[in-house]
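Accompanying notes for the structure given below.
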Amino acid sequence: MGEVLPTDVVAAALEEEVGEFRERIYPPMTTLGLFIGQALSPDGACQDAVARHLSERYSRGEAGCSLSTGPYCKARQRLPLGLISRLGVAVGEALQRGSPRDWNWRGRSVKLMDGTTVSMPDTPANQSVYPQSGVQKPGLGFPLAMLVGLISLSTGAVLKWALGPCRGKHTGEQALFRTLMPYLEAGDVVLADRYHCNYFTVALLLERGVDLVTRQHQRRLTDFRRGRRLGRRDRLVQWQRPQRPSWMDAQTYARMPERLTLRQTEIAGRILVTTLTDARSVSPQELDALYNRRWQVEVDLRSIKAEMGMDIVRAKSPDMVDKEIAVYLLAYNLVCALMTRAGAAADVLARALSFKGTLQLLLAFQQHLRLSAGRSATIMTAHLIGAISMLVLPIRPGRVEPHAIKRRPKNHPLLMVPRRLARAAILRAREAAA
């Protein structure tokens, strides 16, 4: 983190979010460092974090600490969510500002937007804030949180995120995206899937000077005989303002334009809708090439959930769920910082480097870096950055894979009643057999 953020930025965040604190065995930044280590570690257990802290203290010639996880878990609970989120966003913004200008698209910052779900332990506290899917019976499902993020196309870093339940009014992906819109800057370009191809999303983005490239929604009629012709299957069309939705207040609705001029173009069997209406400046082929890069957000979310393990978090309370997700995103951004640093040094796009390979190298070098200092640490870090720069992914244009799996799951029956009732039935059966 010290390579990405100035010391005064971290100190200011610590002072404003934590305030005064006692120097315990687990002060805030030490606790945060161990928490990040949990997110990066394949084990991810609190016992592993405590063991690492014990080894670090011994290596520095300090007195040991208890192997009990209780003090560390209490220190994690004291850690403010605001500190974790603030540092995570600061790292993402620093990478965005510091990346080479030619990594941008036509000198403009492109931001990917998408949502995903995160599962967690089935506890009453988690269910109260993040209820399970409504199609599952009580006691058979797991609480679900909806996570929506803005991700930099150039560096892969998560710039901002919003978290909410998957059930209830005004809690969906579009509602969470609207809370992220204030963090977009004039001149940005947003790539989103067809779910966000609607009038008010476009209007609110244009109000901020932000352009959108998306696919045509499957329920919207597309007629290339209407509108002003720009080229073959390329038209400027007018959208009429629909009725005010329930989530929008009357004042906001009144300032929405009555008509929007949008461009819709069809290429390779796909209809794109965009606010980039100048056909002389941006051709349909360039729009298609840009939108093809939207798939990168799916890869990024897979890296966070599958490679780092955020698909199922371990926290048993909603407060700790929020912190655990924030730590995962902060840890992910720090790995992206290594990739950005390696790419800039080797004149390679950070996006061309392997995230999983970078994570594997970091874990392989971790123990030696922890024990290194001074010149030795500088040399080890240089070797790490050099190794990451060689993890260039193969270019596979037009790659097609079926959205299906070959390996069959184990043929276990599904649990159709709560686990406590299933246990009781097994015990009753044993008693009857005896």
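Quick note: the sequence shown uses the numbering used here, first residue 415, plus one each step. Ideal Cβ placement from N, Cα and C applies to all residues, glycine included. Since the model is a prediction, treat every value here as computed from it, not as a measurement.
Worksheet entry | Beta-carbon proximity of Ala766 to Gly757, cut-off 9 Å | yes
Practice prompt. Please name the residue or residues paired with Arg833 in a DSSP beta bridge.
Written response: Paired residues: none, contrary to the question.
Worksheet item: Going by other Cβ atoms of all chains shown within 10 Å of its Cβ, with 16 needed for buried, is Tyr472 buried or exposed?
Response: exposed
Worksheet entry | Tyr597 beta carbon less than 9 Å from that of Lys583 | Not closer than 9 Å, so no.
Worksheet item: Who are the Cβ neighbours of Leu715 in its own chain at under 7 Å, not counting the five residues just before and after it?
Response: Closer than 7 Å at Cβ, skipping near neighbours: Asp528, Thr530.
Worksheet entry | Residues sharing a beta bridge with Gly563, DSSP | Paired residues: Asp528, Trp575.
Discussion item. Suppose contacts are defined by Cβ-Cβ distances below 9 Å. Is Pro656 in contact with Tyr613 by that definition?
Written reply: yes
Discussion item. What residue range does the alpha helix (DSSP H) around Trp709 cover?
Written reply: 709-716
Worksheet item: How is Asp422 classed by DSSP in three states: helix, strand or coil?
Response: The DSSP-derived three-state label of Asp422 is helix.
Discussion item. If I follow the unbroken alpha helix (DSSP H) through Val543, where does it start and stop?
Written reply: 538-543
Worksheet item: When we look at the beta-carbon of Arg677 and count the other beta-carbons within 10 Å, is it buried (16 or more) or exposed?
Response: buried
Worksheet item: Which runs of the alpha helix (DSSP H) fall wholly inside the stretch 640-693 and span at least 4 residues, in chain order?
Response: 664-669, all fully within the stretch 640-693.
Item to complete: Indicate whether Val572 and Gly586 have their beta-carbon atoms separated by less than 9 Å.
Response: Against a cut-off of 9 Å, the Cβ pair of Gly586 and Val572 comes out as no contact.
Discussion item. Could you give the first and the last residue of the continuous beta strand (DSSP E) run that contains Arg629?
Written reply: 625-629
Worksheet entry | Exposure of Ile882, with buried meaning 16 or more beta-carbon neighbours within 10 Å | Because the chain spans 415 through 848 in this model, residue 882 falls outside it and cannot be assessed.
Discussion item. Taking a contact to mean a Cβ-Cβ separation below 9 Å, would you say Met534 touches Ala729 in this structure?
Written reply: yes
Worksheet item: Which one or two residues does DSSP pair with Arg522 in a beta bridge?
Response: Trp519
Fill in: Where the alpha helix (DSSP H) through Leu743 begins and ends
732-760
Worksheet item: How many angstroms separate the CA atom of Gln588 from the CA atom of Val604?
Response: 14 Å
Discussion item. Taking the alpha-carbon of Pro808 as reference, which of Pro494, Leu828, Ser768 has the nearest alpha-carbon?
Written reply: Ranking the options by Cα distance to Pro808, first place goes to Ser768.
Practice prompt. Return the first residue and the last residue of the alpha helix (DSSP H) that Val696 is part of.
Written response: No alpha helix (DSSP H) holds Val696; DSSP gives it neither H nor E.
Discussion item. Distance check for Met794 and Ala668, CA to CA, integer angstroms please.
Written reply: 60 Å
Worksheet entry | Alpha carbon of Thr636 to alpha carbon of Arg490, nearest angstrom | 53 Å
Worksheet entry | Three CB pairs or more closer than 8 Å across the stretch 720-738 and the stretch 449-462 | yes
Worksheet item: What first and last residue would you give for the beta strand (DSSP E) that runs through Val603?
Response: 603-605
Item to complete: Within 10 angstroms of the Cβ of Trp517, are there 16 or more other Cβ atoms? Answer buried if so, exposed if not.
Response: buried
Worksheet entry | Sub-9 Å separation of Gly521 and Thr569 beta-carbons | Not a contact, by the Cβ cut-off of 9 Å.
Discussion item. For Thr679, which residues in the same chain have their Cβ closer than 6 Å to its Cβ, ignoring the five residues on either side in sequence?
Written reply: Within the same chain, and ignoring the five residues on either side of Thr679 in sequence, the residues whose Cβ sits closer than 6 Å to its Cβ are Asp648, Leu686, Pro698.
Item to complete: Could you please give me the residues that DSSP links to Leu428 through a beta bridge?
Response: Looking at the DSSP assignment, Leu428 forms no beta bridge with any residue, so it has no partner.
Fill in: Alpha-carbon spacing of Gly788 relative to Ser513, whole angstroms
27 Å
Worksheet item: Taking C-alpha atoms, which residue in Gln774, Ala751, Phe435 lies nearest to Leu763?
Response: Ala751
Practice prompt. Measure the CB-CB distance between Gly578 and Gly601 and report whether it falls below 9 Å.
Written response: no
Worksheet item: When the distance is taken between beta carbons, is Leu674 closer than 9 Å to Ala720?
Response: no
Worksheet entry | Helix, strand or coil at Leu805 according to DSSP, with G and I counted as helix | The answer is coil: DSSP assigns Leu805 none of H, G, I, E or B.
Worksheet item: Out of Leu567, Val651, Trp661, Arg643, which has the shortest C-alpha to C-alpha gap to Thr593?
Response: Trp661
Discussion item. According to DSSP, simplified to helix, strand and coil, what is Leu598?
Written reply: Here Leu598 sits in coil by DSSP.
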